[in-house]
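See below for the structure under consideration.
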């Protein structure tokens, strides 16, 4: 036996109070499943939720949200910092480090993005045109004695030469190591050649390396004006090698991310603070609501109309299920029948934006890994194999055979719009309303699913339930509300509903893109665009947002320089439609 309480409405109908007393009926919720199939038929609902989130978050979005299908990855585990040890939550990491499945609309998460990055990035190298190669080879011939002296000095200090790689000879590896590891911050061959104080510039030189420095200086002096060519080949291939090593062998020293299972993986980060996420989810005034009308099309399918639009057909179990009173198919068998008129409203409260993404490779500190600019430039430079011979720059060797836009797997998310799990209102009008009322009075548990994602089972936290009856209209309204654990939950297993996503194809280059050097970009007045410049330590800085004019860009450069004392521009600033380097501020 259990107690019941009711309230009388103005129209004479009866409402069952939502407060549970004794064994008042309740609805049970469960966590995301491990494997959920995507449903193309539901794209209209998914798109509607995305549109609602776009409207609510318009003031904080720099790009519109895209619709996303929740598949086997489940909804978003937003509690990204494990409260027990402050390490990064592996559940969150596995979600945000996923790539996007090719050719899907709405988009879907797929496998591990870094696997595709390694596949493409490992095939990029920096090489000179045949013309520049001839110039540098001539300089090498004239500097043979100095090169031999440098190699011999290295062997004298360390007994052996470093082994050659596919893109770097021992001499290149030696010079790259000196420039990047024997200096803090890292420097370049060009700066070493021009330096008046090598002891100060190469301030991390080990004692065993001291005799090598003057020999290196002699070799660089012998290269003369071709130092810029040598610098580009040596340093760029060195940077490529370091970024690749960081993603293939992540560890604390190169910026690898420590997870709460004690594994160390290539770094991704959530840039939205956890308390900001929780406060957003608690703000229940930020609500995305969708209203749907449901009718029975056949024994196995519903017809659903969203916000009065043209209806679509969907399998009954792919849309919405409600099991109660021992009947797992209660919604389809007893509520959504041809005799009843059905309306379902869902309220997703606490709509908030969470930003995340891979950690950009830091050239100066040799930290992290995400460096997409070489892949973009390699696509352009390697389009025509004959023209490629006359280009100095990043190139593919061999071609990775990968598409870098939506038609390929080289995409990922930079953020999601999330909410609490929905409150569901089911309004039933028809002769069955009394039997439905009786079922909800007598049953003590139920199960729900929406778009194939289980919302409830008999083993997890309870959904509270209430209903009101309007006898004059033969109508019952059932309200199912999520438990406190699904409203801004505060543990590492907490999840939120995903309403939309910020999609990024970081290496995408359109077919008609023309590769311009820095001066050409500036000359073309390429605004609005991201403003960039490289400082005297080789670090490239990029603006957070696109600047509208040269004056705005110049102001940003001045402010960025002031924020990094001791630095100065190396060459002219430039603009680009893509962000790269260190984003400031």
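In this note's numbering, the protein residues as written are 1 to 585.
All C-beta atoms, glycine included, are put in the ideal place defined by N, C-alpha and C.
Values in this document were obtained by computation on a predicted structure and should not be read as measured data.
Taking the runs of the alpha helix (DSSP H) that are 4 residues or longer, which of them lie wholly in the region 430-507? 433-442
Might you give, ordered along the chain, the residues of its own chain that have their beta carbon closer than 8 Å to the beta carbon of residue 36, omitting 5 neighbours on each side? With a pLDDT of only 41 at residue 36, under 50, the local geometry of the prediction cannot be trusted, and the value read off the model is given with reservation. For residue 36, where only same-chain residues beyond five positions count, the Cβ hits under 8 Å are 70, 71, 72, 74, 452, 453.
Buried versus exposed call for residue 336 [16 or more other C-beta atoms within 10 Å across all chains shown]: buried
So, are the CB atoms of residue 354 and residue 270 less than 8 Å apart? yes
Bounding residues of the alpha helix (DSSP H) (the contiguous stretch that carries residue 92): 90-96
Measure the C-alpha to C-alpha separation of residue 88 and residue 210 and round it to an integer number of angstroms. 41 Å
Mind checking which residues open and close the alpha helix (DSSP H) that includes residue 158? 144-158
If we call anything under 8 Å between Cβ atoms a contact, is residue 369 one with residue 359? yes
Delimiting residues of the alpha helix (DSSP H) encompassing residue 175: 170-181
How would you call residue 106, buried or exposed, if buried means at least 16 neighbouring beta carbons within 10 angstroms? buried
Cβ-Cβ separation, residue 220 to residue 193 (assumed contact under 8 Å), whole Å: 4 Å
Touch check for the region 295-304 and the region 494-514: three-plus C-beta pairs under 8 Å? no
Segments assigned alpha helix (DSSP H), at least 4 residues, entirely inside the region 331-419: 373-381, 385-388
Mind checking who residue 534 pairs with in its DSSP beta bridge? 540
Please report the Cβ distance between residue 318 and residue 41, rounded to the nearest whole angstrom; I am assuming they are in contact, meaning their Cβ atoms lie under 8 Å. 6 Å
Using the Cβ count rule (16 or more neighbours within 10 Å means buried), how would you classify residue 148? exposed
Using 10 angstroms around the beta-carbon of residue 498, count the other beta-carbons present and answer buried if the total reaches 16, otherwise exposed. buried
Skipping 5 residues on each side, what residues in its chain have a beta carbon closer than 6 Å to that of residue 215? 149, 150, 153
Note down the Cα distance separating residue 534 from residue 160, rounded to an integer number of angstroms. 35 Å
Candidates 466, 538, 426, 415, of which the one nearest residue 64 by Cα: 415
To the nearest angstrom, report how far apart residue 388 and residue 230 are at their CA atoms. 19 Å
Going residue by residue through the region 203-286, where are the continuous beta strand (DSSP E) segments of at least 3 residues, counting only ones entirely within it? 268-270
Proximity winner among 79, 44, 120, 93, relative to residue 408 (alpha-carbon distances): 120
Measure the Cβ-Cβ separation of residue 112 and residue 97 and say whether it is below 8 Å. yes
Could you pull out every residue in the same chain whose Cβ sits closer than 8 Å to the Cβ of residue 402, ignoring the five residues on either side in sequence? 116, 119, 120, 408, 409, 410
Note down the Cα distance separating residue 195 from residue 563, rounded to an integer number of angstroms. 24 Å
Identify which residue in 323, 363, 228, 191 has its Cα closest to the Cα of residue 245. 363
Which word fits residue 517, buried or exposed, when buried means at least 16 other C-beta atoms lie within 10 angstroms of its C-beta? Summary for residue 517: the model assigns pLDDT 47, below 50, so the residue's position carries little reliability; its value from the coordinates is reported in the next sentence. Exposed is the call here.
For residue 279, count the other beta carbons within 10 Å of its own beta carbon; 16 or more makes it buried, fewer makes it exposed. Which is it? exposed
Nearest-angstrom Cα separation, counted from residue 109 out to residue 505: 13 Å
Cα-Cα separation between residue 583 and residue 541, rounded to whole angstroms: 6 Å
Which residue marks the beginning of the beta strand (DSSP E) containing residue 288, and which one marks its end? 288-296
Three Cβ pairs or more, each shorter than 8 Å: is that satisfied between the region 422-435 and the region 298-311? no
Would you decide whether residue 1 is buried or exposed? Buried here means 16 or more other CB atoms lie within 10 Å of its CB. A caution first: residue 1 carries a pLDDT of 29, below 50, which makes its placement in the model too unreliable to give a value.
Residue 240: beta carbon under 7 Å from a heavy atom of the ligand SAM? The model on display carries no ligand, and the ligand SAM is accordingly not part of it.
Nearest to residue 405 by CA position, among 507, 384, 366, 470, is which residue? 507
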